[in-house]
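One structure below.
Number of protein chains: 2
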Amino acid sequence: MRKLTRKATIYDIARLSGASPSTVSAALGESWRTRRISEATVEAIRRIAAAEGYSTNMQARGLRKARSGLVGMVIPLHDNRFFSSMSQSFEAAARDRGLVPVIASSMREPAEELRIVETLISYAVDYLFIAGATDPDAVTAMCRAANLRHIFVDLPGKGAPSVVSDNAKGAADLTRRLLADRPVTGATPRDRIYLIGGDATDYASAQRIAAFRAVLTEAGLPPLDEQIIACGYAPRSALREIAALCDRLGGLPAGVFVNSVTVLEGVLNHLSRLPLDDLRACVIGCYDYDPFAAYLQFPVHMVRQDAHGLIQEAYRMIDENVLDLVLKMVEPELIAPRTFYDSPFSDRG
Amino acid sequence: MRKLTRKATIYDIARLSGASPSTVSAALGESWRTRRISEATVEAIRRIAAAEGYSTNMQARGLRKARSGLVGMVIPLHDNRFFSSMSQSFEAAARDRGLVPVIASSMREPAEELRIVETLISYAVDYLFIAGATDPDAVTAMCRAANLRHIFVDLPGKGAPSVVSDNAKGAADLTRRLLADRPVTGATPRDRIYLIGGDATDYASAQRIAAFRAVLTEAGLPPLDEQIIACGYAPRSALREIAALCDRLGGLPAGVFVNSVTVLEGVLNHLSRLPLDDLRACVIGCYDYDPFAAYLQFPVHMVRQDAHGLIQEAYRMIDENVLDLVLKMVEPELIAPRTFYDSPFSDRG
DNA sequence: GTTATTTGCTACATCGATTGTGCAGCCCGC
DNA sequence: GCGGGCTGCACAATCGATGTAGCAAATAAC
Numbered sequence: 000m001r002k003l004t005r006k007a008t009i010y011d012i013a014r015l016s017g018a019s020p021s022t023v024s025a026a027l028g029e030s031w032r033t034r035r036i037s038e039a040t041v042e043a044i045r046r047i048a049a050a051e052g053y054s055t056n057m058q059a060r061g062l063r064k065a066r067s068g069l070v071g072m073v074i075p076l077h078d079n080r081f082f083s084s085m086s087q088s089f090e091a092a093a094r095d096r097g098l099v100p101v102i103a104s105s106m107r108e109p110a111e112e113l114r115i116v117e118t119l120i121s122y123a124v125d126y127l128f129i130a131g132a133t134d135p136d137a138v139t140a141m142c143r144a145a146n147l148r149h150i151f152v153d154l155p156g157k158g159a160p161s162v163v164s165d166n167a168k169g170a171a172d173l174t175r176r177l178l179a180d181r182p183v184t185g186a187t188p189r190d191r192i193y194l195i196g197g198d199a200t201d202y203a204s205a206q207r208i209a210a211f212r213a214v215l216t217e218a219g220l221p222p223l224d225e226q227i228i229a230c231g232y233a234p235r236s237a238l239r240e241i242a243a244l245c246d247r248l249g250g251l252p253a254g255v256f257v258n259s260v261t262v263l264e265g266v267l268n269h270l271s272r273l274p275l276d277d278l279r280a281c282v283i284g285c286y287d288y289d290p291f292a293a294y295l296q297f298p299v300h301m302v303r304q305d306a307h308g309l310i311q312e313a314y315r316m317i318d319e320n321v322l323d324l325v326l327k328m329v330e331p332e333l334i335a336p337r338t339f340y341d342s343p344f345s346d347r348g
Numbered sequence: 000m001r002k003l004t005r006k007a008t009i010y011d012i013a014r015l016s017g018a019s020p021s022t023v024s025a026a027l028g029e030s031w032r033t034r035r036i037s038e039a040t041v042e043a044i045r046r047i048a049a050a051e052g053y054s055t056n057m058q059a060r061g062l063r064k065a066r067s068g069l070v071g072m073v074i075p076l077h078d079n080r081f082f083s084s085m086s087q088s089f090e091a092a093a094r095d096r097g098l099v100p101v102i103a104s105s106m107r108e109p110a111e112e113l114r115i116v117e118t119l120i121s122y123a124v125d126y127l128f129i130a131g132a133t134d135p136d137a138v139t140a141m142c143r144a145a146n147l148r149h150i151f152v153d154l155p156g157k158g159a160p161s162v163v164s165d166n167a168k169g170a171a172d173l174t175r176r177l178l179a180d181r182p183v184t185g186a187t188p189r190d191r192i193y194l195i196g197g198d199a200t201d202y203a204s205a206q207r208i209a210a211f212r213a214v215l216t217e218a219g220l221p222p223l224d225e226q227i228i229a230c231g232y233a234p235r236s237a238l239r240e241i242a243a244l245c246d247r248l249g250g251l252p253a254g255v256f257v258n259s260v261t262v263l264e265g266v267l268n269h270l271s272r273l274p275l276d277d278l279r280a281c282v283i284g285c286y287d288y289d290p291f292a293a294y295l296q297f298p299v300h301m302v303r304q305d306a307h308g309l310i311q312e313a314y315r316m317i318d319e320n321v322l323d324l325v326l327k328m329v330e331p332e333l334i335a336p337r338t339f340y341d342s343p344f345s346d347r348g
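Chains as they are written, first to last, in numbering that gives the first Met the number 0: chain A, 0 to 348; chain B, 0 to 348.
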């Protein structure tokens, strides 16, 4: 093993090249033209730097320039198709702009979310994306104090530009589809469509629930309160709730509106224990798309949120320096059962 | 809107408290005891710092201490169940240790991988995890030059400790299961089991392919070269290859060993166009677990790699300062069709 | 009552890169 | 041959936090 050789600095390159540190700095960056460093000197310095394996110490640069080259994003969790798609797009877009993405997950806990924001501020991220914010106002307060440009994605905030899915449209479309495909026409509890999952206090779920209610009402089937089971996003609680529901009803209802793929995991866990014929007498929809969920034993209508589009739109606002409190909507897409969606990244794996 | 107020620094707190910057620094950190700052002073300073919303500038601290508090991980892609599980575990474990995780995806491109490593080195990450390395030796060379502790996960490297799945065991188990469930017993091309996906030059695939070969040979069915179709991990190429294979054979073979979930996406895209009865005459296995893939219209045997276990083990090596070139194996688990795996994070969503 | 020792704090150099300012040398014109 | 302008670079301050060395006052020792 070799001795502990520290990384080369501009001072090392300066010594080796006979130039001053400031000249080295200029030569290695963009500013050498305006600082009138001769092309010959620049090339000589760059050659030496390359030979020494020099790379800029971003902590020093960031300290001096008060910018870090980092761009932060907070997401609820990594282990989820929707959010990991956002991560993928977020990262690609960051790289296109020469920024380094830092993605952190909050587990949907407000306290954790704020701790993360504070941490990212400590690292002087240049911009911050907050996806699925649980406490947007507090986030905005912190970012204001740190003078940090931020933008909300998926769930809007009142203090910064926001890009969100058109939850109302997606939920209305899905609800209409479920109604149309409902195997029965009655209004008994078992004949009804139940919405399961999500948090009634978060923006996305609230919008979806409202649209669900509106469509049912408009169809002459005003929903009972018990038709809306906002039991959170965890698979386990979804499993518990769907089982309890089936118990109460004496079987599956005519339709289920599942509020996210994680909820669908829990629901599926229960459904998989039921006879297939029972399942086929129930129309199922899921807010979120998953390629495998599209090919389950029973058909599932899905709403694909445009994670890529959300991120693109958010970066566009950063690029164009949008500061107004705009609320940009991105349309989700209703996807028929057994349809294969070809993602923008599917040429990779 | 407020004026552009810069963030408070220790100098601001020093001015407000009447103490010197170095006293403030000590008081806000851990070192105040050994530096003999009185408890009264510490509390006064901390009160003022809290009131001013002070938080440490990590760039400055990092510059001074030559550590950043960052821990980096390179993964091939975010948008994948296995790797996003790793991200989730990686992040949780980093936070437990007071570190900030930075996760970047390489798209499995060696050049991108090295650029990312260089970038992370520029930011002075304290440790680096490389998952699915495409060029481990080059990574090790860069980390050595930067004096950076690193560890390989999922794919091993020769220059640093590695934690990998026991691919040979997982693949052997899966192959045996496919053989046992094979609907026919002949040895014509259509009676055989085909392995599709993966990159024959990467460690994981090579191990799996070798195990696949060995089990078939041992069973008296030595594989033809055409039975191994290492067409990469992209869904699109898998779709192309499985279609071509079915064309050649005049239908589905007796069994398919699918080398990853992304490959399964592509395969499924083709299979979904075939009559269900054809599918049921073919036994399918997939190296990787996905809860929805477990409940497709046809049974799929799956191998669940223990992403959480891999990360835990890797962090353990960091914690215990393991520097030897150990190669730690973590066992994957063969999961029967229609089995619900309950993840360590499934109480969240 | 004088010399050690301890206490509580401050001054200053430092990490590495950036940038405003300054200053030789050179060419030019007249 | 002298002022003015340009070229090509060096010097030094700066960003914010840390830690060593040191200093005055308080306390202890004898």
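For every residue, glycine included, the Cβ atom is placed at its ideal position computed from N, Cα and C. Note that the structure is a prediction, hence the values are computed from the model and not measured.
| Could you give the C-beta distance for V354(A) and A253(A), rounded to a whole number, given that I count them as a contact under 8 Å? | There is no way to answer for residue 354(A), as the model of chain A reaches only from 0 to 348.
| message | Closer than 7 Å between beta carbons: that is the criterion. Which residues of the stretch 111-136 of chain B meet it against chain A? | response | Within the stretch 111-136 of chain B, the qualifying residues are E117, T118, I120, S121, Y122 and A123.
| Can you find a C-beta in chain A that's less than 8 Å from the C-beta of A67(B)? | Reading off the sequence, residue 67(B) comes out as Ser, not Ala. Yes, its Cβ sits closer than 8 Å to a Cβ of chain A.
| Can you name the residues that DSSP bridges to K157(B)? | K157(B) is bridged by DSSP to nothing; it lacks a bridge partner.
| said: Could you check whether the Cβ of Y294(B) sits closer than 8 Å to any Cβ belonging to chain A? | reply: Yes, contact with chain A.
| With 16 as the cutoff for other CB atoms within 10 Å, does N320(B) come out buried or exposed? | Classification of N320(B): exposed, given that the 10 Å Cβ count is below 16.
| request: Can you give me, in chain order, the residues of the stretch 86-105 of chain A that have a beta carbon less than 8 Å from any beta carbon in chain B? | output: Per Cβ criterion, the list reads S86, Q87, E90, V99, P100, V101, I102, A103 and S104.
| query | Among Y122(B), D165(B), A43(B) and L69(B), which residue has its Cα nearest to the Cα of Q206(B)? | reply | Measuring from the Cα of Q206(B), the nearest candidate turns out to be D165(B).
| What are the start and end residues of the beta strand (DSSP E) that includes I102(A)? | First-last of the beta strand (DSSP E) with I102(A): V99 to S104.
| query | Does the beta carbon of R337(B) come closer than 8 Å to any beta carbon on chain A? | reply | Closer than 8 Å: yes.
| said: Given this structure, state the Cα-to-Cα distance separating R63(B) from V302(B), to the nearest angstrom. | reply: Going by C-alpha positions, R63(B) is about 47 Å away from V302(B).
| query | Can you give the Cα-Cα distance for F81(A) and R107(A), rounded to whole angstroms? | reply | The alpha-carbon atoms of F81(A) and R107(A) are separated by roughly 15 Å.
| said: Below 7 Å, is the gap between the Cβ of T139(A) and the nearest heavy atom of the ligand NAD? | reply: Among the ligands in the structure shown, none appear at all, so the ligand NAD cannot be discussed.
| query | Thinking C-alpha only, which one of C230(A), H269(A), T261(A) and V260(A) is nearest D246(A)? | reply | Minimum Cα distance to D246(A) is reached at H269(A).
| Same chain, Cβ closer than 8 Å to I223(A), five either side skipped, listed in chain order | A small fix is needed here, since residue 223(A) is Leu in this sequence, not Ile. When the five nearest sequence neighbours on each side are left out, the beta carbons in the same chain lying within less than 8 Å of the beta carbon of L223(A) are those of P188 and R191, in order along the chain.
| Looking at the C-beta of N146(B), does it have a partner C-beta in chain A at a distance below 8 Å? | So yes, N146(B) belongs to the interface.
| request: Please confirm if F435(B) has its CB atom under 8 Å from at least one CB of chain A. | output: Shown here, chain B extends from 0 to 348; a query on residue 435(B) therefore has no answer.
| field | Interface residues of the stretch 226-253 of chain B facing chain A [CB-CB below 7 Å] | value | So the close ones are G231, Y232, A233, P234 and R235.
| task | Under 9 Å between beta-carbons, which chain B residues line up against S161(A)? List them in chain order, please. | result | What S161(A) touches in chain B: nothing, since even the nearest Cβ is about 18 Å away.
| How would you label P100(A), buried or exposed, when you count the other beta carbons within 10 angstroms and need 16 or more for buried? | Per the 10 Å Cβ criterion, buried.
| Counted within 10 angstroms of its Cβ, other Cβ atoms place P109(B) as buried (16 or more) or exposed | Answer is exposed; the Cβ neighbour count stays below 16.
| Cβ pair count under 8 Å reaching 3, the stretch 48-58 of chain B against the stretch 13-32 of chain B | Yes, since at least three Cβ pairs between the stretch 48-58 of chain B and the stretch 13-32 of chain B fall closer than 8 Å, the two stretches touch.
| Nearest-angstrom Cα separation, counted from S104(B) out to E90(A) | Here the alpha carbon of E90(A) sits roughly 8 Å from the alpha carbon of S104(B).
| task | Measure the C-alpha to C-alpha separation of V23(A) and E38(A) and round it to an integer number of angstroms. | result | Looking at the two C-alpha atoms, the distance is approximately 12 Å.
| message | Would G61(A) pass as an interface residue toward chain B - the criterion being a Cβ-Cβ separation below 8 Å? | response | So, interface residue.
| query | Which two residues bound the contiguous alpha helix (DSSP H) that contains Y10(A)? | reply | Start and end: I9 to S16.
| task | Quickly, what does DSSP pair L326(B) with across the bridge? List them, please. | result | Residue pairing of L326(B) in beta bridges, as defined by DSSP: S161(B).
| How big is the Cα-Cα spacing for M0(A) and Q58(A)? | At M0(A), the pLDDT of 37 sits below 50, so the modelled position is not reliable and the matter cannot be decided from this model.
| message | Looking only at its chain, what residues have a beta carbon closer than 7 Å to the beta carbon of G308(B), apart from the 5 residues adjacent to it on each side? | response | Contacts found: V329.
| request: Take the Cβ of V325(A) as the centre, count every other Cβ of all protein chains shown within 10 Å, and call the residue buried at 16 or more, exposed below. | output: V325(A) sits exposed, since fewer than 16 C-beta atoms from the chains shown fall within 10 Å of its C-beta.
| contact_flag[the stretch 145-154 of chain A, the stretch 124-134 of chain A] where n(CB pairs < 8 Å) is 3 or more | Taking a cut-off of 8 Å on C-beta distances, the stretch 145-154 of chain A touches the stretch 124-134 of chain A, as three or more cross pairs fall below it.
| request: Consult DSSP for R1(A) and reduce its assignment to one of helix, strand or coil. | output: Legend: pLDDT at R1(A) = 38, less than 50; position of this residue unreliable, value from coordinates given subsequently. In this structure, R1(A) counts as coil in the three-state DSSP scheme.
| Contacts around V41(B), its chain only, beta-carbon distance under 6 Å, and the 5 residues preceding and following it disregarded | Same-chain partners within the cutoff: A26 and W31.
| Given D258(A), which residues of its chain have a CB within under 7 Å of its CB, disregarding the five upstream and five downstream residues? | In the sequence as displayed, the identity of residue 258(A) is Asn instead of Asp. Correct list, in chain order: L194, I195, G196, G197, S204, R207 and Y286.
| message | Once DSSP output is grouped into helix, strand and coil, what is the label at L127(B)? | response | The answer is strand: DSSP assigns L127(B) an E or B state.
| said: Using a Cβ-Cβ distance cut-off of 8 Å, determine whether N166(B) contacts chain A. | reply: No, no contact with chain A.
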